[in-house]
Amino acid sequence: MLISCWSAKGGVGTTVVAASLGLVLGKRTPGGALLADFAGDLPFVLGLPSHEGSGAASGVGPASGLGLAGWLAAGPTVPADALGRLEVPIAAGLGLLPRGAGILAADRAEVLVALFEQLPRPVVADCGLLRCVEPFGDGSADAAEVVARSATRSLLVTRPCALALERVRRLACRPTGVVLVREPGHRCGRADVEEAAGAPVVAVVESDPDVSRAVDSGLLADRLPGTLVRGLRNAA
2 MLISCWSAKG
12 GVGTTVVAAS
22 LGLVLGKRTP
32 GGALLADFAG
42 DLPFVLGLPS
52 HEGSGAASGV
62 GPASGLGLAG
72 WLAAGPTVPA
82 DALGRLEVPI
92 AAGLGLLPRG
102 AGILAADRAE
112 VLVALFEQLP
122 RPVVADCGLL
132 RCVEPFGDGS
142 ADAAEVVARS
152 ATRSLLVTRP
162 CALALERVRR
172 LACRPTGVVL
182 VREPGHRCGR
192 ADVEEAAGAP
202 VVAVVESDPD
212 VSRAVDSGLL
222 ADRLPGTLVR
232 GLRNAA
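The numbering used here puts the sequence shown at residues 2 to 237.
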(Lines of atoms letter the chains of each structure in order from A; the text may use other names.)
(Lines give C-alpha, C1' and ligand atoms only; values in the text may rest on other atoms or scores of the structure.)
Protein backbone atom coordinates (compact mmCIF):
# COMPACT_ATOMS: atom_id res chain seq x y z
CA MET A 2 0.00 0.00 0.00
CA LEU A 3 1.22 3.47 -0.93
CA ILE A 4 -0.06 6.48 1.01
CA SER A 5 0.85 9.96 -0.20
CA CYS A 6 0.65 13.10 1.94
CA TRP A 7 0.64 16.48 0.21
CA SER A 8 -0.63 20.02 0.58
CA ALA A 9 -1.74 23.01 -1.48
CA LYS A 10 -0.22 25.56 0.90
CA GLY A 11 3.00 25.49 2.89
CA GLY A 12 3.15 25.36 6.67
CA VAL A 13 0.12 23.12 7.25
CA GLY A 14 2.04 20.20 8.79
CA THR A 15 2.31 17.78 5.86
CA THR A 16 5.73 16.43 6.82
CA VAL A 17 4.76 15.95 10.47
CA VAL A 18 1.62 14.08 9.41
CA ALA A 19 3.60 11.86 7.00
CA ALA A 20 6.27 11.10 9.62
CA SER A 21 3.62 10.32 12.24
CA LEU A 22 1.70 8.03 9.89
CA GLY A 23 4.91 6.17 9.17
CA LEU A 24 5.65 5.78 12.88
CA VAL A 25 2.11 4.58 13.63
CA LEU A 26 2.14 2.07 10.76
CA GLY A 27 5.64 0.92 11.63
CA LYS A 28 4.47 -0.10 15.08
CA ARG A 29 1.22 -1.79 14.09
CA THR A 30 2.29 -3.52 10.86
CA PRO A 31 4.18 -6.84 11.27
CA GLY A 32 6.67 -6.01 8.52
CA GLY A 33 7.09 -2.39 9.54
CA ALA A 34 6.69 0.63 7.27
CA LEU A 35 8.76 2.82 4.95
CA LEU A 36 8.86 6.61 4.58
CA ALA A 37 9.68 8.10 1.16
CA ASP A 38 10.86 11.71 1.33
CA PHE A 39 10.08 13.79 -1.75
CA ALA A 40 9.99 17.13 0.08
CA GLY A 41 13.35 16.94 1.86
CA ASP A 42 12.25 17.71 5.42
CA LEU A 43 11.66 14.28 6.95
CA PRO A 44 15.22 13.85 8.32
CA PHE A 45 14.89 17.05 10.35
CA VAL A 46 11.39 16.24 11.61
CA LEU A 47 12.58 12.79 12.65
CA GLY A 48 15.60 14.15 14.50
CA LEU A 49 18.14 13.48 11.73
CA PRO A 50 19.29 16.93 10.53
CA SER A 51 21.39 16.59 7.41
CA HIS A 52 24.61 17.55 9.20
CA GLU A 53 24.03 14.71 11.66
CA GLY A 54 22.67 12.11 9.24
CA SER A 55 23.75 8.58 10.01
CA GLY A 56 24.91 7.95 6.44
CA ALA A 57 27.68 10.55 6.22
CA ALA A 58 30.51 8.08 6.73
CA SER A 59 28.96 5.17 4.83
CA GLY A 60 27.98 7.15 1.73
CA VAL A 61 24.23 6.66 2.18
CA GLY A 62 21.54 8.44 4.12
CA PRO A 63 20.44 12.06 4.52
CA ALA A 64 23.98 13.44 4.83
CA SER A 65 25.32 11.74 1.70
CA GLY A 66 23.18 13.58 -0.85
CA LEU A 67 22.06 10.23 -2.30
CA GLY A 68 18.39 9.37 -2.42
CA LEU A 69 15.24 9.20 -4.51
CA ALA A 70 16.30 12.01 -6.85
CA GLY A 71 19.40 10.04 -7.81
CA TRP A 72 17.40 6.83 -8.26
CA LEU A 73 14.98 8.61 -10.59
CA ALA A 74 17.81 10.19 -12.57
CA ALA A 75 19.70 6.91 -13.00
CA GLY A 76 17.19 5.54 -15.47
CA PRO A 77 16.47 1.87 -16.23
CA THR A 78 20.09 0.86 -15.56
CA VAL A 79 19.70 1.42 -11.82
CA PRO A 80 20.45 -1.83 -9.87
CA ALA A 81 17.45 -3.80 -8.65
CA ASP A 82 18.52 -3.42 -5.02
CA ALA A 83 19.28 0.31 -5.26
CA LEU A 84 16.27 1.42 -3.20
CA GLY A 85 17.18 -0.99 -0.42
CA ARG A 86 20.70 0.43 -0.31
CA LEU A 87 19.33 3.95 0.13
CA GLU A 88 17.13 3.07 3.11
CA VAL A 89 18.07 4.56 6.48
CA PRO A 90 16.72 2.98 9.71
CA ILE A 91 14.80 5.50 11.81
CA ALA A 92 13.07 3.55 14.57
CA ALA A 93 11.93 0.01 15.25
CA GLY A 94 9.89 -1.02 12.22
CA LEU A 95 10.47 2.19 10.25
CA GLY A 96 12.92 3.05 7.47
CA LEU A 97 13.47 6.21 5.43
CA LEU A 98 14.30 6.77 1.77
CA PRO A 99 15.89 10.26 1.71
CA ARG A 100 15.10 12.75 -1.03
CA GLY A 101 18.70 13.21 -2.10
CA ALA A 102 20.13 16.02 -4.21
CA GLY A 103 18.86 17.11 -7.61
CA ILE A 104 15.51 17.38 -9.36
CA LEU A 105 12.75 14.79 -8.98
CA ALA A 106 12.51 13.72 -12.62
CA ALA A 107 9.09 12.36 -13.50
CA ASP A 108 10.25 9.99 -16.25
CA ARG A 109 10.37 6.90 -14.02
CA ALA A 110 7.97 8.01 -11.29
CA GLU A 111 5.34 5.47 -12.33
CA VAL A 112 7.96 2.72 -12.10
CA LEU A 113 8.78 3.87 -8.58
CA VAL A 114 5.08 3.87 -7.64
CA ALA A 115 4.76 0.28 -8.91
CA LEU A 116 7.79 -0.79 -6.85
CA PHE A 117 6.34 0.81 -3.73
CA GLU A 118 3.02 -0.94 -4.26
CA GLN A 119 4.75 -4.32 -4.56
CA LEU A 120 6.49 -4.02 -1.21
CA PRO A 121 5.11 -6.18 1.62
CA ARG A 122 5.00 -3.16 3.95
CA PRO A 123 3.13 0.15 3.63
CA VAL A 124 4.95 3.16 2.17
CA VAL A 125 4.13 6.70 3.28
CA ALA A 126 5.35 9.36 0.84
CA ASP A 127 5.79 12.98 1.89
CA CYS A 128 5.13 14.76 -1.41
CA GLY A 129 5.17 18.23 0.11
CA LEU A 130 3.61 21.25 -1.55
CA LEU A 131 2.04 20.67 -4.98
CA ARG A 132 1.87 23.52 -7.47
CA CYS A 133 0.63 21.84 -10.64
CA VAL A 134 -2.65 23.47 -11.72
CA GLU A 135 -2.88 21.95 -15.21
CA PRO A 136 -4.09 18.42 -16.00
CA PHE A 137 -1.35 15.82 -15.64
CA GLY A 138 0.27 14.70 -18.85
CA ASP A 139 1.39 18.15 -20.01
CA GLY A 140 4.94 17.64 -18.75
CA SER A 141 4.61 20.00 -15.80
CA ALA A 142 4.39 17.38 -13.06
CA ASP A 143 7.49 16.23 -11.20
CA ALA A 144 7.87 12.86 -9.49
CA ALA A 145 6.35 14.08 -6.23
CA GLU A 146 3.15 15.09 -8.02
CA VAL A 147 2.97 11.79 -9.90
CA VAL A 148 3.34 9.86 -6.63
CA ALA A 149 0.78 12.10 -4.91
CA ARG A 150 -1.99 11.38 -7.39
CA SER A 151 -1.03 7.73 -8.11
CA ALA A 152 -1.00 6.49 -4.50
CA THR A 153 -3.45 3.95 -3.17
CA ARG A 154 -4.48 6.59 -0.65
CA SER A 155 -3.82 10.18 -1.66
CA LEU A 156 -4.17 12.37 1.42
CA LEU A 157 -4.45 16.14 1.27
CA VAL A 158 -3.16 17.71 4.49
CA THR A 159 -4.70 21.12 5.16
CA ARG A 160 -5.76 23.60 7.75
CA PRO A 161 -9.29 25.04 7.44
CA CYS A 162 -8.18 28.45 6.16
CA ALA A 163 -9.81 30.14 3.17
CA LEU A 164 -6.53 30.67 1.27
CA ALA A 165 -5.52 27.02 1.56
CA LEU A 166 -8.94 25.86 0.36
CA GLU A 167 -8.86 28.22 -2.61
CA ARG A 168 -5.54 26.71 -3.65
CA VAL A 169 -6.95 23.20 -3.21
CA ARG A 170 -9.72 24.01 -5.69
CA ARG A 171 -7.15 25.05 -8.31
CA LEU A 172 -4.96 21.95 -8.14
CA ALA A 173 -5.09 19.20 -10.75
CA CYS A 174 -4.39 16.55 -8.10
CA ARG A 175 -7.52 15.28 -6.36
CA PRO A 176 -7.20 13.44 -3.03
CA THR A 177 -8.99 10.30 -1.90
CA GLY A 178 -9.15 11.73 1.63
CA VAL A 179 -8.25 14.74 3.75
CA VAL A 180 -6.27 15.05 6.96
CA LEU A 181 -7.60 18.19 8.63
CA VAL A 182 -5.22 19.98 10.97
CA ARG A 183 -7.70 21.87 13.10
CA GLU A 184 -6.85 25.03 15.00
CA PRO A 185 -8.99 27.77 16.56
CA GLY A 186 -9.80 31.01 14.78
CA HIS A 187 -10.75 29.79 11.32
CA ARG A 188 -14.18 30.50 9.86
CA CYS A 189 -14.09 27.50 7.51
CA GLY A 190 -15.24 24.15 8.85
CA ARG A 191 -15.15 20.48 7.92
CA ALA A 192 -17.91 20.82 5.30
CA ASP A 193 -15.98 23.63 3.56
CA VAL A 194 -12.84 21.49 3.46
CA GLU A 195 -14.69 18.51 1.97
CA GLU A 196 -16.39 20.70 -0.63
CA ALA A 197 -13.07 22.24 -1.75
CA ALA A 198 -11.24 18.90 -1.87
CA GLY A 199 -14.05 16.80 -3.30
CA ALA A 200 -13.13 14.12 -0.77
CA PRO A 201 -14.06 13.20 2.81
CA VAL A 202 -12.11 14.19 5.91
CA VAL A 203 -10.64 10.88 7.10
CA ALA A 204 -8.64 12.20 10.04
CA VAL A 205 -8.65 15.28 12.26
CA VAL A 206 -5.48 16.35 14.06
CA GLU A 207 -5.93 18.98 16.75
CA SER A 208 -3.37 21.76 17.02
CA ASP A 209 -1.13 20.83 19.95
CA PRO A 210 1.99 22.61 21.27
CA ASP A 211 3.38 19.21 22.34
CA VAL A 212 3.78 18.35 18.65
CA SER A 213 5.86 21.46 17.98
CA ARG A 214 8.02 20.77 21.01
CA ALA A 215 8.61 17.15 19.93
CA VAL A 216 9.66 18.25 16.44
CA ASP A 217 11.86 21.12 17.61
CA SER A 218 13.67 18.87 20.07
CA GLY A 219 14.12 16.03 17.56
CA LEU A 220 12.08 13.63 19.68
CA LEU A 221 9.11 12.92 17.40
CA ALA A 222 10.30 9.39 16.58
CA ASP A 223 10.89 8.58 20.26
CA ARG A 224 7.89 10.32 21.82
CA LEU A 225 5.07 10.58 19.30
CA PRO A 226 2.42 12.80 20.94
CA GLY A 227 -0.92 11.15 21.67
CA THR A 228 -2.68 13.89 19.69
CA LEU A 229 -1.11 12.53 16.50
CA VAL A 230 -1.64 8.87 17.35
CA ARG A 231 -5.33 9.40 18.07
CA GLY A 232 -5.94 11.77 15.21
CA LEU A 233 -4.33 9.60 12.53
CA ARG A 234 -5.62 6.19 13.59
CA ASN A 235 -8.15 6.13 10.72
CA ALA A 236 -5.98 7.82 8.09
CA ALA A 237 -4.39 4.56 6.95
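Yeah, the Cβ is synthetic: ideal placement off N, Cα and C, and Gly gets one too.
Asked, Found
"What are the complete alpha helix (DSSP H) segments, minimum 4 residues, inside the stretch 9-53?", "15-29, 43-46"
"Which residue's Cα is closest to the Cα of T78: G101, L157, R109?", "R109"
"Where do the N-terminal and C-terminal ends of the beta strand (DSSP E) with A204 fall, by residue?", "202-207"
"Measure how close the beta-carbons of G68 and R100 come, nearest whole angstrom, since I'm counting them as under 8 Å.", "5 Å"
"Flag this pair as yes or no: are the beta carbons of L43 and A75 separated by less than 7 Å?", "no"
"Ends of the beta strand (DSSP E) at L131?", "Unbroken run through L131: none, as it is neither H nor E."
"Mind checking I104: buried by the 16 CB within 10 Å criterion, or exposed?", "exposed"
"Can you pull the DSSP bridge partners for C6?", "D127, L156"
"What is the DSSP secondary structure of A92, reduced to helix, strand or coil?", "strand"
"What are the partner residues of R183, as DSSP defines its beta bridges?", "E207"
"Looking at the structure shown, is L97 part of a helix, part of a strand, or coil, going by DSSP?", "strand"
"If we call anything under 7 Å between Cβ atoms a contact, is A200 one with G178?", "yes"
"Relative to the C-alpha of V158, which candidate in P226, V206, A144, L120 has its C-alpha closest?", "V206"
"List the endpoints of the continuous alpha helix (DSSP H) containing V79.", "Where V79 is concerned, there is no enclosing alpha helix (DSSP H), given that its DSSP letter is neither H nor E."
"Excluding five sequence neighbours on each side, which residues of the same chain lie with their C-beta closer than 6 Å to the C-beta of V169?", "A9, A197, A198"
"Nearest CA to the CA of D223: which residue from M2, G27, I4?", "G27"
"Compute the minimum distance between the beta carbon of V147 and the heavy atoms of the ligand HEM, and state whether it is under 6 Å.", "Among the ligands in the structure shown, none appear at all, so the ligand HEM cannot be discussed."
"With three or more beta-carbon pairs closer than 8 Å as the criterion, would you say the stretch 161-168 touches the stretch 184-193?", "yes"
"Nearest to A144 by alpha carbon, out of D127, T153, R160?", "D127"
"Can you tell me whether G178 is helix, strand or coil according to DSSP?", "strand"
"I'd like to know whether the C-beta atoms of L49 and G96 end up nearer to each other than 7 Å.", "no"
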